[in-house]
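Structure first, then comments.
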Amino acid sequence: MRKKIVAGNWKMNNTIDEGLQLTSEIASMVVDEVANDAIVVLAPPYIHLTKVKQLIGTTKNMYLSAQNCNEQASGAYTGEISVPMLVSVGAEYVILGHSERREYFNENNKQLAAKVDACLANGLTPIFCCGESLETREGGDFIAFVCQQIKESLFHLSKEDFSKIVIAYEPIWAIGTGMTASSDQAQEMHAALRGYIAEQYGNDIADNTSILYGGSCKPDNAAELFACSDVDGGLIGGASLKSRDFVDIVKSF
Ligand code: PEP
């Protein structure tokens, strides 16, 4: 059975005090209110990781993620953070290939493949983001485009390694815009990705791969999106900064 996951990507938001306040609120609401078996992942900025981990503690079904990593294990890469460093502060997941990383920091599929390898070699679970621009969608070849992202960054993996990956489909035109993909649009892409994964790795692995939707997911649209048979949860940006909204999304399965 594939996992249901809701991950909050805080991006470059929140001072340490604000981040710890948000974490405390989310953790106590998760304990008091969440009755389903969803996994909740918080992805704060790097400098918050250690303290957020301490606050999450052993809260059931709550995990810690980074928003990025460097593919090198160590060395002269000023300003960068390696996977062993993330593991050493208790991170379990890392978001890779977010469209903002691709756009502003020129990350490409090949470099992301190296980051994926570094994570898997150190036991960190990649939440691998993919998604098309509005221009690509309007051009009509959006499914082929997103499949190519997956192929170039993930299809070198063995079956065993691929089975550890979480995928997040995030249409760029829906990120932070308030323009959510319709449930039909999300389901169409998620089903296509699962089919493509099945061609490469077989039905068992495809059926067990969690594919999250991201892009203006909010409490009022999460239930409809999560009800789609191939949508296994969400990667949440803006709404993950408000504890009430984020936990309401977690409760939407
Ligand atoms: C994101 O950045 O991953 C995201 C989904 O953002 P938002 O929810 O704000 O659209």
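Take the position in the sequence shown, starting the count at 1, then add 977; the result is the number in our numbering. Each residue gets a CB set at the ideal place from its N, CA and C atoms; glycine is no exception.
| Asked | Found |
| --- | --- |
| Extent of the continuous alpha helix (DSSP H) run through Ile-986 | In the sequence on display, residue 986 carries Asn and not Ile. Looking at the DSSP string, Asn-986 is not in any alpha helix (DSSP H); the run it does join, the beta strand (DSSP E), is 982-986. |
| 8 angstroms CB neighbourhood of Met-989 in its chain, flanking five on each side removed | Pro-1022 |
| Nearest-angstrom Cβ-Cβ length linking Val-1018 and Ala-984, presumed shorter than 8 angstroms | 4 angstroms |
| Beta-carbon proximity list for His-1133, same chain, < 7 angstroms, skipping 5 on both sides | Ala-1090 |
| C-beta contact flag for Cys-1096 and Glu-1147 at 9 angstroms | no |
| Strand pairing of Asn-1185, partner residues [DSSP] | Answer is none; Asn-1185 lacks a bridge partner. |
| Assigned secondary structure, Pro-1196 (DSSP; H/G/I helix, E/B strand, else coil) | helix |
| Proximity below 9 angstroms, CB of Leu-1131 to CB of Val-1093 | yes |
| Separation of Thr-1027 from Val-1011, as counted between CA atoms | 24 angstroms |
| Top-ranked residue by Cα proximity to Lys-980, from Ile-1120, Ser-1206, Gln-1162 | Ser-1206 |
| Assigned secondary structure, Thr-1102 (DSSP; H/G/I helix, E/B strand, else coil) | strand |
| Rounded Cβ spacing between Val-1143 and Pro-1103 (contact assumed at less than 8 angstroms) | 7 angstroms |
| Residue range of the unbroken beta strand (DSSP E) whose run includes Gly-1211 | 1210-1213 |
| Cys-1194 to Thr-1157 span [Cα, whole Å] | 7 angstroms |
| Completely contained beta strand (DSSP E) runs for the stretch 1006-1047, where each covers 3 or more residues | 1016-1020, 1039-1043 |
| Segment limits, alpha helix (DSSP H) that includes Ala-1163 | 1160-1178 |
| Whole alpha helix (DSSP H) elements within the stretch 1122-1156, 4-residue minimum | 1136-1139 |
| Ile-1149 versus Ile-1033: straight-line alpha-carbon distance, rounded | 30 angstroms |
| Separation of Tyr-1040 from Ala-1004, as counted between CA atoms | 10 angstroms |
| Any non-hydrogen atom of the ligand PEP within 8 angstroms of Ala-1199 CB | no |
| Alpha helix (DSSP H) segment containing Ile-1072, residue limits | No alpha helix (DSSP H) contains Ile-1072, which is instead part of the beta strand (DSSP E) from 1070-1073. |
| Extent of the continuous alpha helix (DSSP H) run through Ile-1058 | Taken as a continuous stretch (DSSP letters only), Ile-1058 belongs to no alpha helix (DSSP H), as it is neither H nor E. |
| Start-to-end residues for the alpha helix (DSSP H) that takes in Leu-1111 | 1111-1116 |
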